[in-house]
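A.B. asks: Throughout the sequence shown, residue numbering follows UniProt numbering, covering 1 to 129 in sequence. Submitted below is the structure of interest, expressed as structure tokens.
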Amino acid sequence: MAPLWNALYLGVENDSPMFTILAGKSVQFKEGTLKPPEIKSSVDLPESIDLFGQKINLSPARQVVNPLQDAVAGIARSISGQSPLKIPIPGERAASWLLVTYLDKDLRISRGDGGLFVLAKEGSPLLDQ
Numbered sequence: 001m002a003p004l005w006n007a008l009y010l011g012v013e014n015d016s017p018m019f020t021i022l023a024g025k026s027v028q029f030k031e032g033t034l035k036p037p038e039i040k041s042s043v044d045l046p047e048s049i050d051l052f053g054q055k056i057n058l059s060p061a062r063q064v065v066n067p068l069q070d071a072v073a074g075i076a077r078s079i080s081g082q083s084p085l086k087i088p089i090p091g092e093r094a095a096s097w098l099l100v101t102y103l104d105k106d107l108r109i110s111r112g113d114g115g116l117f118v119l120a121k122e123g124s125p126l127l128d129q
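Shown next as structure tokens:
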């Protein structure tokens, strides 16, 4: 079975290829994955800040932010616990040609159909960053 690759970056300029493929590898994209965002559950406000030589007291802002932090923490816990959303990619738009520009054990950089694709192999430490 071929290894699975996760997209770190997809850059597509337009719908038409910028070059003609004379050699390359035909690939079929079957599904896309969207990971839930990481939300920082707390905001650390200082007591005061200096702005243009003026000391600004942030105590009133802290009184407003503190109750909101509990709500944000609850939302962050529920979102971060979600599994990635898998989206099927149907039809012929899921097929493309890729020319591999760079390849090592964890990273693949490819060009094809007018786009740039940066892919990391499933299980790679690059996905943890």
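For glycine and all other residues, C-beta sits at the position ideal for the given N, C-alpha and C.
Taking the alpha-carbon positions, what's the Asp128 to Ile87 distance?
C.D. replies: In this structure, the straight-line span from the alpha carbon of Asp128 to that of Ile87 is close to 21 angstroms.
A.B. asks: Let's see if you can read the secondary structure: which residues bound the alpha helix (DSSP H) around Gln82?
C.D. replies: Looking at the DSSP string, Gln82 is not in any alpha helix (DSSP H), and its letter there is neither H nor E.
A.B. asks: Alpha carbons only, please: which of Asp104, Leu107, Gly112, Gln82 is nearest the one belonging to Thr33?
C.D. replies: Gln82
A.B. asks: Under 8 angstroms by Cβ, that's how I've got Phe117 and Ser124 pegged, so tell me the actual separation to the nearest angstrom.
C.D. replies: Phe117 to Ser124, Cβ: 15 angstroms. No contact.
A.B. asks: Does the Cβ of Leu10 have 16 or more other Cβ atoms within 10 Å, making it buried, or fewer, making it exposed?
C.D. replies: Leu10 should be labelled exposed.
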